[in-house]
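> Residues 0 to 262 (numbering that gives the first Met the number 0) make up the sequence shown, in order.
Sharing a structure with you now.
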Amino acid sequence: MSSSFQKPDHDELAGTEQPFVAHLMELRDRLLRAILAIGICFGILVIYPGPGPLYDLLAAPLVSHLPVGTKLIATNVIAPFFVPLKITLLAGFLLALPVVLYQAWAFVAPGLYSHEKRLVLPLVVSSTLLFFAGVAFCYFFVFGQVFKFIQNFAPKSITAAPDIEAYLGFVMNMFIAFGAAFEVPVIVVVLARIGVVSVDKLREWRGYFIVVAFIVAAVITPPDIVSQLALAIPMCLLYELGLLAAGYFIRSTKAPEDEPPAA
Numbered sequence: 000m001s002s003s004f005q006k007p008d009h010d011e012l013a014g015t016e017q018p019f020v021a022h023l024m025e026l027r028d029r030l031l032r033a034i035l036a037i038g039i040c041f042g043i044l045v046i047y048p049g050p051g052p053l054y055d056l057l058a059a060p061l062v063s064h065l066p067v068g069t070k071l072i073a074t075n076v077i078a079p080f081f082v083p084l085k086i087t088l089l090a091g092f093l094l095a096l097p098v099v100l101y102q103a104w105a106f107v108a109p110g111l112y113s114h115e116k117r118l119v120l121p122l123v124v125s126s127t128l129l130f131f132a133g134v135a136f137c138y139f140f141v142f143g144q145v146f147k148f149i150q151n152f153a154p155k156s157i158t159a160a161p162d163i164e165a166y167l168g169f170v171m172n173m174f175i176a177f178g179a180a181f182e183v184p185v186i187v188v189v190l191a192r193i194g195v196v197s198v199d200k201l202r203e204w205r206g207y208f209i210v211v212a213f214i215v216a217a218v219i220t221p222p223d224i225v226s227q228l229a230l231a232i233p234m235c236l237l238y239e240l241g242l243l244a245a246g247y248f249i250r251s252t253k254a255p256e257d258e259p260p261a262a
């Protein structure tokens with residue numbers, strides 16, 4: 000039999016082992032670089048555009064649907080100072096997220112086989128982009144529809160004056176909910192790739208997932224039909240996208256011993 004079909008007798012990771020202390024030192028260096036990147040982005044955003052304008056940008060979808068002349072209020076004395084700083088720190092973290100993820104990737108990559116790297120790196124990049132897509136979808140589309148629906152539904156005798164801390168909490172919950180919901184394709188791909196469930200079985204469970212998606216949307220979103228549909232429908236569409244991507248990733252990230260020999 001030709002040697003081209005023989006299984007390699009050496010480990011691909013042979014010689015790459017490092018002492019435990021060296022791993023700790025590298026982890027420390029990676030964490031410091033990630034924290035430094037977040038600090039630099041935070042400092043830049045503090046200088047320009049500043050914490051105040053950033054909060055104004057975050058509050059724009061709500062303010063645009065409030066009665067003319069109405070503004071958000073602060074019931075806590077120090078809230079006008081700390082709440083914009085929290086927004087700036089969050090924006091700095093999101094701005095530095097590519098650097099943070101690169102540091103995480105650089106730390107674990109030496110311990111991965113080549114076929115594992117072909118799976119992990121695309122998943123890290125795609126999960127980041129999907130999270131940002133979920134946040135952007137929530138900010139640019141969902142917020143406007145939800146606030147419009149609430150203002151139209153509210154009695155005319157009520158003057159809305161939301162608190163800035165309460166609004167920040169609402170925004171964070173919505174961002175996390177939509178960002179996590181947009182990770183459905185990644186979850187589907189991972190479950191199928193590690194063998195927890197097959198792609199065919201996931202297709203059979205499509206109807207159950209639709210029911211679960213609407214239940215999740217009803218639990219984690221405000222009690223209005225607009226936000227619930229805006230979360231449940233994308234989750235169902237992303238589930239289908241995950242089914243399509245799972246087959247491709249399974250084929251392209253097979254270990255060498257899992258690949259059938261050529262005829």
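Note that beta-carbon positions come from the ideal geometry of N, C-alpha and C, so glycine has one too.
Check the C-beta distance from V170 over to A245 and give it rounded, since I have them as a contact under 8 angstroms.
Contact doesn't hold; Cβ gap of about 32 angstroms is too wide.
> What span of residues does the alpha helix (DSSP H) with F146 cover, start to end?
Where F146 is concerned, the enclosing alpha helix (DSSP H) stretches over 142-152.
> For D55, which of helix, strand or coil comes out of DSSP?
DSSP places D55 in helix when its eight states are reduced to three.
> Run the CB neighbour count on Y238, radius 10 Å, all protein chains shown included, and call it buried at 16 or more, exposed below.
With 16 or more Cβ atoms within 10 Å of its Cβ, Y238 is classed as buried.
> Start and end of the alpha helix (DSSP H) containing T87?
Here the alpha helix (DSSP H) through T87 covers 78-94.
> Using the Cβ count rule (16 or more neighbours within 10 Å means buried), how would you classify S113?
Exposed, by the Cβ-count rule.
> Taking the C-alpha atoms as reference points, what is the distance between L31 and V123?
Rounded to the nearest angstrom, the two C-alpha atoms are 20 angstroms apart.
> Could you check which residue in R192, V183, K85, D199 has the C-alpha nearest to that of V211?
The shortest Cα separation from V211 among R192, V183, K85, D199 belongs to V183.
> Nearest to A33 by alpha carbon, out of A90, V99, V67?
Ranking A90, V99, V67 by Cα distance to A33 puts V99 first.
> Give me the Cα-Cα distance between L120 and I43, rounded to the nearest whole angstrom.
Straight-line Cα distance between these residues: approximately 29 angstroms.
> Among Y47, P79, A95, which has the Cα closest to the Cα of L35?
The option with the nearest alpha carbon to L35 is A95.
> Cα separation between F4 and G241?
With a pLDDT of 44 at F4, under the threshold of 50, the predicted position of this residue should be treated as unreliable, and no value is reported.
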